[in-house]
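Take a look at the structure below.
Number of protein chains: 2
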Amino acid sequence: MTAAPRPGAPVPSVDPRTGAVRAHPAREAGPADVDRAVTAAHHTLDALADRPRRAALLHTAADLLDAARPEILAAADAETALGETRLTGELARTTHQLRTFAETAADGGYLDVRIDRADPATGRPDLRRTKTPLGVAAVFAAGNFPLAFSVPGGDTASALAAGCPVVVKAHPGHPGTGELCARLLRRAAERVGLPAEILTTVHGLAAGTRLVQHPLTAAIGFTGSLRGGRALHDLAAARPHPIPFHGELGSLNPVLVTERAAATRAEEIGAGLAASFTLGQGQYCTKPGLVLVPAGHPALERAAVKAAAAADAAPLLDPRIRDSYLTGAAHRAALPGVETLLPPGPAPTPGAPLAVRPGILAVAATDLHDDLLDECFGPLTVLVRYRDRADLHTALTRLPGTLTATLHLAPDEPPTETRPLLALLTPLAGRLVLNTWPTGVTVTPAMHHGGPYPAATTPTTSVGTSAIHRWLRPVTYQDTPPELLPAELRD
Amino acid sequence: MTAAPRPGAPVPSVDPRTGAVRAHPAREAGPADVDRAVTAAHHTLDALADRPRRAALLHTAADLLDAARPEILAAADAETALGETRLTGELARTTHQLRTFAETAADGGYLDVRIDRADPATGRPDLRRTKTPLGVAAVFAAGNFPLAFSVPGGDTASALAAGCPVVVKAHPGHPGTGELCARLLRRAAERVGLPAEILTTVHGLAAGTRLVQHPLTAAIGFTGSLRGGRALHDLAAARPHPIPFHGELGSLNPVLVTERAAATRAEEIGAGLAASFTLGQGQYCTKPGLVLVPAGHPALERAAVKAAAAADAAPLLDPRIRDSYLTGAAHRAALPGVETLLPPGPAPTPGAPLAVRPGILAVAATDLHDDLLDECFGPLTVLVRYRDRADLHTALTRLPGTLTATLHLAPDEPPTETRPLLALLTPLAGRLVLNTWPTGVTVTPAMHHGGPYPAATTPTTSVGTSAIHRWLRPVTYQDTPPELLPAELRD
């Protein structure tokens, strides 16, 4: 336990490949910094009420981010080691999100305008409903998506689209990337005639706490760990005026493989699982972390081990996450009845002394320890072998809420048998995946990225255009003269 | 402070006109009773998944309530003293709500189905989104609406429409009415082939706490006091798995009268205010409890006092509410600078020894005590006299979140002057009312009944068809064979 950094202390940017401090791109925010950021953001609410200008802001931000691609990719790779291919894709997704929300703001359909005209016969008044921004949004950047779920990410884009200014609690894993993106977003604001204070970053754990407790903070978006997220959720609920806390706190993403699927698709499922749980070094929130497989099907297990063993060793997002992965994997491997099929562990390479290799554990369903129901962030998955339906049912009832649940079937299984399995998975998950893998979250209208606690703390999505509703509340105007109505409510 | 009643203890039904115990129509629920109710409700989720049957349930419930009108009106009037006219209207509204939600369930549009077909060119999977019920809904009946916000009320109707079984914490002010309505709703369930356990009532404060904490309770609807509601909100947030708490915890419903409105419409506004704040003995959640009036306009104040003084004395909902009203009004009247324009107090009549009369207080904006910003339930309103814009701004910034905010203008006031006033009220309220009064909540699509805390704890509505969204969460099916999809997601 080290002492908390003082306000103004330099924030280090660490090379995850080596653990070396690269630079100090930001400073720890003190209480006065947080107050200044939130208050200044609050004062931009009127300027942000201009919907076309918000659309222009988001388009311009996307353009500036695209134009700075080489610089952004270099900064993000230096701080996360995610590599150029992945980060190129993530930046494209990020600017796509910004442009999608620009169109959402411009279109205005999200306001769900409803007009009930007066009815003199029944005495019914004229009622017109629209939606209004909640106020300043506090956004907590995620470690595993330095762009798409961080400073310029989905929470920021959806909040700005809704008309809410944003204060971002930057992530310590990529402070330089966060500052770079914040400068571009603030420049975009000034280009379209909005105050730069529509977005400010603050750094440091204490600043995050202050941000949640600030009287002018009106809603919170969070993607991160169960422990940290739950603490902030509780602070938000304990405020004199509680505010919405939209948190994604972790997900096990269970997979259920039927006996017949294992019998007919062992190679395909084993290889697919390996590709999915090692993708991005297992640092996706949708990584399949627990796989219910029928006992006595070694072909599937062998296929998974073979494919995962062939994956390149690679560093994790930062040394702290690396430590958690190694400790967490070792702890799980040592639990009673747990068998190590592929040993997780350090795997230093010349360019990355901190690299690790993936691991696969296995355990009988009857030995399923509670600690195996907690997400282990990183490239680890646990095969849980069930012997019969009773084993399966018992295990499923113990699973926590999750972003996704996946079901692998044989091509010819009768729906009378498979429908009940899907019905058992449905109460657990925000997305049900059939015969494929949960990693990879398409940004389309039908996507839902959320789920029962702890996958999400509210029944909302953080991905896709519906995310705008996290930052809005309805407001109805009764018998209001046209000249006083918001433009969208006039005849 | 009396000891908490034991489980099984008889629950008294009290005549609010006299304070006499009429009967003991129910029993205090113990922990085992709450567990039994919630568990039995949970087991009806599969049966309730049948949407057409839910619609039939709600239609049948409405029919049975209508058929039992004389019995229901007698029970409710004996326990609330609200009178036949009001209760006839409330029952009509209640059955209208049930039928509206029957149509909402049958129609299915609330599921907001979205289908993104697979795109082999980009590798995009087939994604289909619908909504799924959260689980058992805990509904806390309101004291001031024994029907429309109680056992057969909007929370129950919207939860059942969504597919969520309901356990109602009955209100101690009308336990007999609650039991009668519960019997009719359970009979309706059996008539349409659903288990009676889709709705159960529990009685007692301790039962309410247990209900919020039960592991199988999935969401909560509450209408009641700030103190009680906040305690339950905090319990819901502190659960191992927090659940949505949709609470309406009180509302001041401020009214702002401009100088020119007071100069030109004094009689009309004064009389209108009196009618609104004494309606139903001031026991509406939308009662105007604080009225910002320009100083030096005695005509308006006189008109309000004259009209309110002419109102009949009447009992309040129960002796406890009567005590709170009398104590609260006396406390406010004794605050520094407060002037009593119409003295509130007991006003016994031959048929109702517990009847009270309405009160009007007045105070300078510069003397506005914090205690005047708390709702005083019952027929009391406070005139706050402002001298200038500075007074007005200062007072407005101190007002808490509220269900409604009302603005009274003169016919010819320029929008350049009135628009900023409306802009000051908008952040406070869920509904803005122009030149009329906030009491009376039409059940139509454009109605919003909610608002910033403490008016509501979530940005949702408890009135109108949108209330169904309180009990649902989205769920997406990826690459799912048609035979495994919910019916609404098939091609």
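Those protein sequences? They're chains A and B, same order as listed. 310 is the number that full-length UniProt numbering gives to position 310 of the first sequence; each next residue is one higher, with no gaps. 36 is the number that full-length UniProt numbering gives to position 36 of the second sequence; each next residue is one higher, with no gaps. Ideal Cβ positions, reconstructed from N, Cα and C, are used throughout, including at glycine.
Looking at the backbone, the Cα of Leu98/A and that of Gln281/A are separated by about 26 Å. Scanning chain A for C-beta atoms nearer than 7 Å to the C-beta of Glu483/B yields Pro415, reported in chain order.
Proximity of chain A to Leu216/B at the Cβ level (cut-off 8 Å) is not reached, the minimal Cβ distance being about 11 Å. Against chain A, the beta carbon of Pro459/B has neighbours under 8 Å at Leu134, Pro244, Leu472, Arg473, Pro474, listed in chain order. Look at Arg302/A here: in three-state DSSP terms it is helix. For Gly247/B and Asp412/A, the gap between their C-alpha atoms comes out near 49 Å.
According to the DSSP secondary-structure assignment, His408/B is paired through a beta bridge with Val257/B.
The alpha-carbon of Ala26/A is positioned some 58 Å away from that of Thr94/B. At the C-beta level, Leu111/A and Gln478/A stay beyond 7 Å of one another. Within 9 Å of the CB of Pro125/B, the CB atoms of chain A belong to Val433, Thr436, Gly440, Thr442, in sequence order along the chain. In the DSSP assignment, Thr476/A falls within the beta strand (DSSP E) that extends over 472 to 478. The segment 360 to 404 of chain A contains, as complete alpha helix (DSSP H) runs of 4+ residues, the segments 389 to 398 (chain order). The C-beta of Ala4/B has fewer than 16 other C-beta atoms within 10 Å across all chains shown, which makes the residue exposed. Below the 8 Å Cβ cutoff, chain B contributes Arg114, Asp116, Arg129 as neighbours of Pro445/A, in chain order. Residue pairing by DSSP puts Ser13/A in a beta bridge opposite Ala23/A.
Restricted to the segment 91 to 141 of chain A, the beta strand (DSSP E) segments that are unbroken, complete and at least 3 residues in length are 114 to 116, 127 to 133, 136 to 140, listed in chain order. Using a Cβ-Cβ distance cut-off of 8 Å, the segment 226 to 241 of chain B and the segment 256 to 267 of chain B are not in contact, since fewer than three pairs of beta carbons, one from each stretch, lie closer than that value. Shown here for His369/A: same chain residues with a beta carbon closer than 6 Å to its own, the five before and five after excluded, namely Leu335 in chain order. Per DSSP, the continuous alpha helix (DSSP H) segment holding Glu268/B begins and ends at 266 to 278. Contact of Gln478/A with chain B is assigned, a C-beta pair being separated by under 7 Å. Taking a Cβ-Cβ threshold of 7 Å, the residues of chain A close to Thr426/B are Thr132, Val475, in chain order. Contact annotation for Gly430/A against chain B: Arg473, Pro474, Val475, Thr476 [CB-CB distance below 9 Å, chain order]. Shown here, Ile243/A sits in coil according to DSSP, grouped into three states, outside any helix or strand. Against Asp107/B, chain A offers no close residue; the least beta-carbon distance is about 16 Å (beta-carbon pairs closer than 8 Å).
Contact with chain B is absent for Ala467/A, since none of that chain's Cβ atoms lies less than 7 Å from the residue's Cβ. By the CB criterion at 7 Å, Gly250/A and Pro125/A fall outside the cutoff.
According to the DSSP secondary-structure assignment, Leu199/A is paired through a beta bridge with Val166/A. Put simply, the CB of Ala237/A is near chain B, with a gap under 7 Å to one of its CB atoms. Against chain A, the beta carbon of Arg419/B has neighbours under 9 Å at Glu483, Leu484, listed in chain order.
Within the model, the alpha-carbon separation for Leu48/B versus Asp491/B is close to 23 Å. Looking from the CA of His214/B, the closest CA among Ala32/B, Ala446/B, Pro474/B belongs to Ala32/B. For His43/B, there are no neighbours in chain A by C-beta distance under 8 Å, as the nearest C-beta there is about 13 Å away. Contact between Glu84/A and Gly173/A is ruled out by a C-beta separation of about 18 Å, above the 8 Å threshold.
At a beta-carbon threshold of 7 Å, the residues of chain A lying near Leu422/B are Leu484, ordered along the chain. Between Gly163/B and the set Thr201/B, Ala170/B, Gly108/B, the nearest pair of CA atoms involves Gly108/B.
In this structure, DSSP gives Thr327/B a helical state, which the three-state scheme calls helix.
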